[in-house]
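This report refers to the structure that appears directly beneath it.
Chains as they are written, first to last, in the numbering used here: chain G, 1 to 337; chain X, 1001 to 1158.
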């Protein structure tokens, strides 16, 4: 018993030394800074708790289902969530920062298939800037609508998102307008003073052919503040499973479970000054591993393509799909068993 | 304080999603649904087979003689289709029986076309995200009930 207690104690010390102290070391003085650290820890704890709670709850009450997820992290193809299914996702982005501290930004995503032609999602974002602080940076509410009933040569999906984030948001889920690396070099305390309420529209164009998927997403963003112009950006991606035919046995390491590809994304300026000047662009190989147990793992090292871009972004994510979530919630509200 | 407000707003959106799910999803358990109700509900599924374009209808299954196709199709069916159509294609929570005469008498091309395009307005997603050979493997599995003599009439005709 005593040995067990000592072991737990040393684990707590390790967690404090490795995970908490590096974040808090730069904030030795000041009541306000201490308060920010406390709020930051709270934000991270809230995000991780939400992810764990959602997984635990759905794991208990909904069967998991095998997901054939695309490997993209920024680009969208035209496939929506299956109706009634909930996908719970956690993503991380580690980014290098010239003229400032490197950061680790993360988000939790709940993706639900309302209909076969309508998927709705909510994101909760947070970030840790090393030697600075950790904070909750905002939320996004996204809907994707598929207007056409059948597969066509090119398949369009309309994407509408409302986001309420602060300037310290660094998840880089999309790059738009004149977003550049130096925007994020300031301290969190300064960045968080800026607030953005934005509407974002994307046209998701995608095509699958001979196992390949090619997707192109032009994006248009409007900050709801009247003085802000429309901003533009893009994301393009191509991917393919490592095998096109399934093998008869259930396996984790079959080639069919791996999808590899590449995506590229960046800003295209704004309505006042469109073009490529003062914009950042990234190229990122991507790989997804769809496990038969219902889990999907994604990994993507990204490389900045010009001097305005972060030199390196390492993204990874874990997600799990739960089928029958809609029916489970229906029963909670008194639906027929 | 602002963090707290944002968390509260995000929580409201989650609640909205749950509510929209409650209102917008056909949640009654179709697994328990059979007889005339199921037949009426799933009439559109079988009708979709009649809307397949002539060119697609005539397509042959390139994996017809592949000895592994049926077993691999069974695995894929369990992973992607059984949730709605039942583990043995007998009909499930949201999807109709695929052992019904309408499906078993359909050509490989017709089943492949419905699988590829889905019946999006009636809840069946398109499965073109699966590579074409995998879709043919599923078609091969669905048609195995024809051979095993498990052909069934749709629930209403029973």
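From the three backbone atoms N, C-alpha and C, an ideal C-beta is built for every residue, glycine too. Since the model is a prediction, treat every value here as computed from it, not as a measurement.
C-beta atoms of residue i and residue j nearer than 7 Å
i: residue 157 (chain G); j: residue 146 (chain G); result: yes
i: residue 199 (chain G); j: residue 168 (chain G); result: no
i: residue 126 (chain G); j: residue 166 (chain G); result: no
i: residue 117 (chain G); j: residue 1120 (chain X); result: yes
i: residue 319 (chain G); j: residue 180 (chain G); result: no
i: residue 1143 (chain X); j: residue 1069 (chain X); result: no
i: residue 113 (chain G); j: residue 83 (chain G); result: yes
i: residue 289 (chain G); j: residue 258 (chain G); result: yes
i: residue 1071 (chain X); j: residue 292 (chain G); result: no
i: residue 203 (chain G); j: residue 218 (chain G); result: yes
i: residue 1089 (chain X); j: residue 1101 (chain X); result: no
i: residue 1129 (chain X); j: residue 150 (chain G); result: no
i: residue 300 (chain G); j: residue 85 (chain G); result: no
i: residue 243 (chain G); j: residue 255 (chain G); result: yes
i: residue 207 (chain G); j: residue 1133 (chain X); result: no
i: residue 1109 (chain X); j: residue 1058 (chain X); result: yes
i: residue 286 (chain G); j: residue 263 (chain G); result: yes
i: residue 143 (chain G); j: residue 160 (chain G); result: yes
i: residue 1063 (chain X); j: residue 1140 (chain X); result: yes
i: residue 313 (chain G); j: residue 302 (chain G); result: yes
i: residue 315 (chain G); j: residue 134 (chain G); result: no
i: residue 81 (chain G); j: residue 111 (chain G); result: yes
i: residue 1094 (chain X); j: residue 1123 (chain X); result: yes
i: residue 1074 (chain X); j: residue 1085 (chain X); result: no
i: residue 215 (chain G); j: residue 77 (chain G); result: yes
i: residue 349 (chain G); j: residue 87 (chain G); result: Nothing in the structure corresponds to residue 349 (chain G), since chain G is present only between 1 and 337.
Nearest-angstrom Cβ-Cβ length linking residue i and residue j, presumed shorter than 8 Å
i: residue 234 (chain G); j: residue 283 (chain G); result: Between residue 283 (chain G) and residue 234 (chain G) the Cβ distance is about 13 Å, and since that is not below 8 Å, they are no contact.
i: residue 232 (chain G); j: residue 176 (chain G); result: 7 Å
i: residue 294 (chain G); j: residue 73 (chain G); result: The pair is not a contact, with the Cβ atoms about 19 Å apart (cut-off 8 Å).
i: residue 99 (chain G); j: residue 187 (chain G); result: The pair is not a contact, with the Cβ atoms about 12 Å apart (cut-off 8 Å).
i: residue 270 (chain G); j: residue 229 (chain G); result: 4 Å
i: residue 155 (chain G); j: residue 196 (chain G); result: The pair is not a contact, with the Cβ atoms about 31 Å apart (cut-off 8 Å).
i: residue 97 (chain G); j: residue 194 (chain G); result: Actually they are not in contact, since the Cβ atoms of residue 97 (chain G) and residue 194 (chain G) sit about 17 Å apart, beyond 8 Å.
i: residue 1112 (chain X); j: residue 1135 (chain X); result: 6 Å
i: residue 236 (chain G); j: residue 75 (chain G); result: 6 Å
Contacts that residue i makes with chain X (C-beta to C-beta distance below 7 Å)
i: residue 208 (chain G); result: 1128 and 1129
i: residue 241 (chain G); result: 1131
i: residue 79 (chain G); result: 1129
i: residue 97 (chain G); result: None at all; the shortest Cβ gap to chain X is about 23 Å.
Within chain G, partners of residue i - CB distance below 7 Å
i: residue 1075 (chain X); result: 246, 248 and 250
i: residue 1120 (chain X); result: 116, 117, 146 and 149
i: residue 1061 (chain X); result: In chain order: nothing, as chain G lies at least about 13 Å away.
i: residue 1071 (chain X); result: 248
i: residue 1101 (chain X); result: Result: empty, since nearest Cβ-Cβ is about 25 Å, beyond 7 Å.
i: residue 1140 (chain X); result: In chain order: nothing, as chain G lies at least about 11 Å away.
Chain-ordered chain X contacts of residue i [CB-CB under 8 Å]
i: residue 292 (chain G); result: 1079
i: residue 142 (chain G); result: Near residue 142 (chain G) there are no residues of chain X at all, since even the closest Cβ is about 10 Å away, more than 8 Å.
i: residue 200 (chain G); result: What residue 200 (chain G) touches in chain X: nothing, since even the nearest Cβ is about 15 Å away.
Among the options, the one whose alpha carbon lies nearest that of residue i
i: residue 1055 (chain X); options: X:1135, X:1075 and X:1107; result: X:1107
i: residue 115 (chain G); options: X:1126, X:1046, X:1096 and X:1132; result: X:1126
i: residue 95 (chain G); options: G:260, G:170, G:131 and G:209; result: G:170
i: residue 132 (chain G); options: G:49, G:101, G:106 and G:214; result: G:101
i: residue 172 (chain G); options: G:260, G:107, G:332 and G:296; result: G:107
i: residue 250 (chain G); options: X:1077, X:1049, X:1105 and X:1051; result: X:1077
i: residue 205 (chain G); options: G:185, G:184, G:91 and G:152; result: G:152
i: residue 79 (chain G); options: G:130, G:164, G:119 and G:97; result: G:119
i: residue 305 (chain G); options: G:297, G:325 and G:277; result: G:277
i: residue 272 (chain G); options: G:178, G:297, G:148 and G:49; result: G:178
i: residue 345 (chain G); options: G:325, G:333 and G:265; result: There is simply no residue 345 (chain G) to check, as chain G begins at 1 and stops at 337 in what is shown.
i: residue 297 (chain G); options: G:53, G:52 and G:91; result: G:91
i: residue 162 (chain G); options: G:201, G:307 and G:308; result: G:201
Interface partners of residue i on chain G, CB under 8 Å
i: residue 1123 (chain X); result: 83, 115 and 116
i: residue 1137 (chain X); result: 245 and 246
i: residue 1057 (chain X); result: None at all; the shortest Cβ gap to chain G is about 15 Å.
i: residue 1134 (chain X); result: 244, 245, 246 and 256
Chain X residues whose Cβ lies nearer than 9 Å to that of residue i
i: residue 127 (chain G); result: Residues of chain X passing the Cβ test: none, with the nearest at roughly 13 Å.
Within chain G, the residues that residue i reaches when beta carbons sit closer than 9 Å
i: residue 1047 (chain X); result: Correct list: empty, because the minimum Cβ distance to chain G is about 14 Å.
i: residue 1117 (chain X); result: 149, 150 and 151
i: residue 1087 (chain X); result: Under the 9 Å cutoff, chain G gives no residues; its nearest Cβ is about 11 Å from residue 1087 (chain X).
i: residue 1146 (chain X); result: By Cβ distance, chain G contributes nothing, its closest Cβ being about 20 Å from residue 1146 (chain X), past 9 Å.
3-residue-minimum beta strand (DSSP E) runs that sit fully inside the segment 125-184 of chain G, ordered along the chain: If you keep only unbroken beta strand (DSSP E) runs of at least 3 residues inside the segment 125-184 of chain G, you get 134-145 and 155-166.
Could you name each continuous beta strand (DSSP E) segment of 3 residues or more that falls completely within the segment 170-250 of chain G, going from the start of the chain to the end? 195-209, 212-223 and 230-241, all fully within the segment 170-250 of chain G.
Ignoring anything shorter than 3 residues or poking outside the segment 74-120 of chain G, list the beta strand (DSSP E) runs there in chain order. The segment 74-120 of chain G contains these whole beta strand (DSSP E) runs: 86-95 and 103-115.
What are the complete alpha helix (DSSP H) segments, minimum 4 residues, inside the segment 1069-1146 of chain X? Segments of the alpha helix (DSSP H) lying fully in the segment 1069-1146 of chain X: 1069-1080, 1082-1085, 1101-1104, 1108-1117 and 1132-1142.
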